[in-house]
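Number of protein chains: 2
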Amino acid sequence: MLGNPMYIPTFDDMLEAHARIEPYINRTPVRTSAYLNELTGAELFFKCENFQEPGAFKVRGATNAVFGLSDEKAKLGVATHSSGNHASCLSYAASRRGIPCNVVMPTTAPQAKKDTVRRYGGQITECEPSTTSREATFAEVQARTGGDFVHPYNDPRVIAGQGTCAREFMEQTDGLDIVMAPIGGGGMISGTCLTLSHLAPEAQIIAAEPEQADDAYRSFKAGYIIADDAPKTIADGLLVPLKDLTWHFVSNHVTDIITASEEEIIDAMKLTWKHLRVVMEASSSVPLATILKNKDRFAGKRVGIIITGGNVDLDKLPWTL
Amino acid sequence: MLGNPMYIPTFDDMLEAHARIEPYINRTPVRTSAYLNELTGAELFFKCENFQEPGAFKVRGATNAVFGLSDEKAKLGVATHSSGNHASCLSYAASRRGIPCNVVMPTTAPQAKKDTVRRYGGQITECEPSTTSREATFAEVQARTGGDFVHPYNDPRVIAGQGTCAREFMEQTDGLDIVMAPIGGGGMISGTCLTLSHLAPEAQIIAAEPEQADDAYRSFKAGYIIADDAPKTIADGLLVPLKDLTWHFVSNHVTDIITASEEEIIDAMKLTWKHLRVVMEASSSVPLATILKNKDRFAGKRVGIIITGGNVDLDKLPWTL
Numbered sequence: 052m053l054g055n056p057m058y059i060p061t062f063d064d065m066l067e068a069h070a071r072i073e074p075y076i077n078r079t080p081v082r083t084s085a086y087l088n089e090l091t092g093a094e095l096f097f098k099c100e101n102f103q104e105p106g107a108f109k110v111r112g113a114t115n116a117v118f119g120l121s122d123e124k125a126k127l128g129v130a131t132h133s134s135g136n137h138a139s140c141l142s143y144a145a146s147r148r149g150i151p152c153n154v155v156m157p158t159t160a161p162q163a164k165k166d167t168v169r170r171y172g173g174q175i176t177e178c179e180p181s182t183t184s185r186e187a188t189f190a191e192v193q194a195r196t197g198g199d200f201v202h203p204y205n206d207p208r209v210i211a212g213q214g215t216c217a218r219e220f221m222e223q224t225d226g227l228d229i230v231m232a233p234i235g236g237g238g239m240i241s242g243t244c245l246t247l248s249h250l251a252p253e254a255q256i257i258a259a260e261p262e263q264a265d266d267a268y269r270s271f272k273a274g275y276i277i278a279d280d281a282p283k284t285i286a287d288g289l290l291v292p293l294k295d296l297t298w299h300f301v302s303n304h305v306t307d308i309i310t311a312s313e314e315e316i317i318d319a320m321k322l323t324w325k326h327l328r329v330v331m332e333a334s335s336s337v338p339l340a341t342i343l344k345n346k347d348r349f350a351g352k353r354v355g356i357i358i359t360g361g362n363v364d365l366d367k368l369p370w371t372l
Numbered sequence: 052m053l054g055n056p057m058y059i060p061t062f063d064d065m066l067e068a069h070a071r072i073e074p075y076i077n078r079t080p081v082r083t084s085a086y087l088n089e090l091t092g093a094e095l096f097f098k099c100e101n102f103q104e105p106g107a108f109k110v111r112g113a114t115n116a117v118f119g120l121s122d123e124k125a126k127l128g129v130a131t132h133s134s135g136n137h138a139s140c141l142s143y144a145a146s147r148r149g150i151p152c153n154v155v156m157p158t159t160a161p162q163a164k165k166d167t168v169r170r171y172g173g174q175i176t177e178c179e180p181s182t183t184s185r186e187a188t189f190a191e192v193q194a195r196t197g198g199d200f201v202h203p204y205n206d207p208r209v210i211a212g213q214g215t216c217a218r219e220f221m222e223q224t225d226g227l228d229i230v231m232a233p234i235g236g237g238g239m240i241s242g243t244c245l246t247l248s249h250l251a252p253e254a255q256i257i258a259a260e261p262e263q264a265d266d267a268y269r270s271f272k273a274g275y276i277i278a279d280d281a282p283k284t285i286a287d288g289l290l291v292p293l294k295d296l297t298w299h300f301v302s303n304h305v306t307d308i309i310t311a312s313e314e315e316i317i318d319a320m321k322l323t324w325k326h327l328r329v330v331m332e333a334s335s336s337v338p339l340a341t342i343l344k345n346k347d348r349f350a351g352k353r354v355g356i357i358i359t360g361g362n363v364d365l366d367k368l369p370w371t372l
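Chains as they are written, first to last, in my numbering: chain X, 52 to 372; chain Y, 52 to 372.
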């Protein structure tokens, strides 16, 4: 079932994914900050997926896809396109199984993310920073290598894997009123929907998105997928559009999508570095940015925020540019 | 007993401290990085004391001192001098008990640390950045307020409190061959000695110090305390000299003291931010810096490193200056 790209993954698929990936991933800790609670009026819990070995939650879905392959299929390796973290995480998962990994990355991807892919033995082919160019370049790479295509988010194996994060989060916090994550293609949000619609159907699921790449927000309001070809935002993990599988979960289970400006995202990023003392990407700061501008909505609530990644070019921090 | 400044704290004092402070401190997580293990050839465990609410291990000793005061003594509050984190942590502990806190800080203390003290309600009096000026200014402040003097490290209550960190660390890791921490005045190292000399007497305790503030190293080699008046290093938490109580532990229980240059410290700091994805101070990077230049000594060993603090001026990162 999971081999069919249109298959909608189930709660049991998530449980199976969790059992499969547990030996290879970290059960990441949850951080809190009395200062940030005071500042927002909410009770915030931060799930540190930036503390996965390759620095992002995407290692969950990637590991589920890689270790779910038959031995025969695994020999040809895996292939993908990604603006960064999925590429690193798929390379990492492939290296753990000892199989090849080919990735197509935009020329604009941060150097830190390219370095990580190469460190895990991933082969990079560069493309222009647009969805069109990425998909064309990928078709060529995949035809050449024959590797199993692991889409960064529109893949049932990937969504089932990402759903394992929300399961841990609920166990670690004894329940949450709201769970938030940034939204790009919607992989983490879809996995969160998959898990919480069974484990905690009363919990709100709120996605956070940069104003300058608000295609998911506009899709959510319109009722159908709207895709931009080349949005620009400091939150470089959130440049890709929703696809059919993630749209299924977003349209059926997400409570709301809220946006924040570039300046608000950078302020929230710096605030988290300073008070949580964790290194996280601009993309991961979007949820806190949206909470800070909508305090009434979150006041008194137990709010879980998934810190999606921590691969940052330390020489190009947004507040020092 | 603990009220006598010359009293040498015992293992039971540490256990009592742990029971006293547990409601107010975090049992901080331990982080590992396959990448840093590969780079060093050792198995590294990082105890994230930067994840204490006020951002440093010093909240342990400060909380033990504050909550150990009689109600009568507590009314007058506490007072101290500190180059930074002890000031924040004592202010934090005092605010948790609702008592006043007066601190003398050098004019050169990082703005981030001053901000933190003020956020917790601490009253700052500034002095010149030398031991002489600090002690003179403090005498005046203490005479004026009558607050209980909680020395940043040469205080049995403080050392017993810091010792609780090593206890957690050994439980969380199922044992370590070597435990490392940076050394300034020697409070954390002394607490570590206190605890490990009972819990794991075979474990090595190695202190790490900046070459440019290597008074503990020279004291250790000479066999008596050598104090510099105004050393200069990027590791601004390590500017103070050993005192009699900490010298007792350092001279009796520390296996060795190793030093690192400013450049090595900055490189290790950036490496940890990048691969552990935690925000930590330059002071906290000294142990990893010394491991990287002495790999043979640590190869194959289970090495615990205490990340002592994470209060950093994000606008003045050493590698962007």
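Even glycine gets a Cβ: it sits at the ideal position worked out from N, Cα and C.
These numbers come from a predicted model, not from an experiment.
Taking a Cβ-Cβ cut-off of 7 Å, the neighbours of Arg-328/X in chain Y comprise Asn-101, Phe-102, Gly-106, Val-329, Val-330 and Gly-361, given in sequence order. Here Met-231/Y carries a strand assignment [DSSP, helix/strand/coil]. In the three-state reduction of the DSSP assignment, Phe-108/Y falls in the coil class, being assigned neither a helical nor a strand state. Looking at Lys-346/Y, Gly-149/Y, Ser-302/Y and Asn-115/Y, the one whose alpha-carbon comes closest to that of His-137/Y is Asn-115/Y. Between Arg-111/X and Ala-333/X, the alpha-carbon positions lie close to 20 Å from each other. The Cβ atoms of Val-329/X and Asn-88/X lie no closer than 8 Å to each other. For Leu-245/X, there is no enclosing beta strand (DSSP E); the enclosing alpha helix (DSSP H) covers residues 238–250.
For Arg-353/Y, the enclosing beta strand (DSSP E) covers residues 353–358. Chain order gives no chain X residues near Thr-91/Y, where near means a beta carbon separation below 8 Å; the closest approach is about 16 Å. Inter-segment contact for the segment 300–309 of chain Y and the segment 246–266 of chain Y is present: three or more beta-carbon pairs are separated by less than 8 Å.
A direct Cα-to-Cα measurement between Gly-212/Y and Pro-151/Y gives close to 20 Å.
Contact between Val-154/Y and Ser-142/Y is confirmed by a C-beta separation of about 7 Å, below the 8 Å threshold. For Glu-123/X, the enclosing alpha helix (DSSP H) has its first and last residue at 122–125.
Taking C-beta atoms under 8 Å as the contact rule, Leu-247/X and Val-230/X qualify, at a distance of about 6 Å.
Rounded to the nearest whole angstrom, the C-alpha separation of Pro-203/Y and Val-209/Y is 7 Å. Ranked by Cα distance from Asp-122/X, the first of Phe-97/X, Cys-140/X and Gly-149/X is Gly-149/X. Distances from the alpha-carbon of Phe-200/Y to those of Ser-133/Y, Ile-76/Y, Glu-94/Y and Ala-264/Y put Ser-133/Y closest. In the structure shown, Val-192/X adopts helical secondary structure according to DSSP, grouped into three states. In the DSSP assignment, His-304/Y falls outside any beta strand (DSSP E) and lies within the alpha helix (DSSP H) extending over 295–304. Boundaries for Asn-77/Y: no alpha helix (DSSP H) harbours it, and the DSSP string shows neither H nor E there.
Contact between Val-117/Y and Ala-85/Y is ruled out by a C-beta separation of about 40 Å, above the 8 Å threshold. A check of alpha carbon separations from Pro-80/Y across Tyr-275/Y, Glu-222/Y, Arg-195/Y and Gly-119/Y identifies Glu-222/Y as the nearest. Note that the C-beta distance between Ile-357/Y and Phe-108/Y is below 8 Å. Note that the C-beta distance between Leu-339/X and Thr-359/X is not below 8 Å. DSSP places Glu-332/Y outside both helix and strand once states are collapsed to three, so it counts as coil. Residue pairing for Met-57/X: DSSP places it in no beta bridge.
Annotation: Gln-263/X is outside any alpha helix (DSSP H) and is labelled neither H nor E by DSSP. Taking all protein chains in view, the Cβ of Ala-311/Y is crowded by 16 or more other Cβ atoms within 10 Å, so the residue is classified as buried.
In the DSSP assignment, Glu-314/X falls within the alpha helix (DSSP H) that extends over 313–326. Chain-order list of chain Y residues neighbouring Leu-365/X: Lys-321, Trp-324, Lys-325, Leu-368, Trp-370 and Thr-371, by C-beta distance under 9 Å. For Arg-82/X, the residues of chain Y that pass the 7 Å Cβ criterion are Phe-102, in the order they occur in the chain. Residue state for Asn-153/Y is assigned as strand, using DSSP reduced to three classes. For the pair Phe-97/Y and Leu-327/Y, the CB atoms are nearer than the 8 Å cut-off. In terms of Cβ geometry, Leu-90/Y and Val-354/Y do not form a close pair [threshold 8 Å].
Under a 10 Å Cβ-count criterion, Thr-167/Y is classified as buried, with 16 or more other Cβ atoms of the shown protein chains found around its own Cβ.
Between Ala-281/Y and chain X, the shortest Cβ-Cβ separation is not below 8 Å.
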